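These notes are about the structure you will find just below.
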Amino acid sequence: MMRNESYRRRSRRSGKGRKKGSRRRYRSYGGRKSQLPGHWLVLALAALAVAALLWLFFDPVALEEEGRYAVVGQPSVSADFIDQVLTAYHSPAAGKGQALYADGITYRIDPVYALAFFLEESRFGTAGVARFTHSLGNIRALPGQASYAGYRRYASWEEGFSDWYRLIANEYVARGLVTVDQIVPVYAPAADGNDVTAYVRTIKLAVDTWRTGRLLV
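Numbering of the sequence shown is given in the numbering used here, commencing with residue 1 and proceeding in unit increments.
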């Protein structure tokens, strides 16, 4: 640590004029008069402030919680269970559980997340444009793609499933966006009128529910 020049200088005063027996009350470090204890206190307080900020922005508990919802991984639900969920919600995609499951293995994404996005986006194809597009995730159409009301339209649910997995793997996971908290703000941004917090909460609730073996969220 750089010190002020005054800390390095030895006193040149002879001590004349001082009362006999009186002493200057300095703490000495290597024979130098120093005010270092005060500086160390300032540094300690600054370190505590930095630690508090790191805890605020990088709370280990929050980071661990977020990491629990990484989409990459082995299936945590079976193809049969996926079909049970789709049937329970009267989805037009009921019976397609094996396709949803197999695509998850192909793209190394846990199919429980595909199922959760399907729930949030169209209640498993029973609401919105997904009734006409066979789309799992209501993906915006690009020029030249088959579309309906601006969304990609597929010939079958299987085709819609595969495209969603491909999108997540290539446009999100490949760019380092691997958790629900990282993906949703980009996938369904607030700028488009989405409630990002509610969306994330629904995905996590669905995943937790199905991993315990319950069908209805």
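Glycine residues also receive a C-beta, built at the ideal position from the N, C-alpha and C atoms.
The structure displayed is predicted, hence computed values, not measured ones.
*Do you know offhand how far V85's Cα is from A114's?*
Computed Cα separation, rounded: 12 Å.
_Per DSSP, cross-strand counterpart(s) of S147_ = R152
_Here's the rule: buried if 16 or more other CB atoms are within 10 angstroms of the residue's CB, otherwise exposed. What is S156?_
exposed
*asked:* According to DSSP, is A70 part of a helix, a strand, or is it coil?
replied: strand
_Span separating the alpha-carbon of V207 from that of A102_ = 18 Å
_F161 to V129 span [Cα, whole Å]_ = So the two alpha carbons sit approximately 15 Å from each other.
*asked:* Tell me the rounded alpha-carbon separation between T197 and L45.
replied: 35 Å
*Under three-state DSSP, which class holds T212?*
coil
*If we count the other Cβ atoms within 10 Å of its Cβ and call it buried at 16 or more, is F132 buried or exposed?*
exposed
_Reduced DSSP secondary structure (H/G/I, E/B, other) of Y175_ = As written in the sequence, residue 175 is Arg, which differs from the Tyr given in the question. Helix at R175.
*With DSSP collapsed to three states, give me the class of I109.*
strand
*For V173 versus V42, is the C-beta spacing smaller than 8 Å?*
no
*Identify whether R140 lies in helix, strand or coil by the three-state DSSP scheme.*
strand
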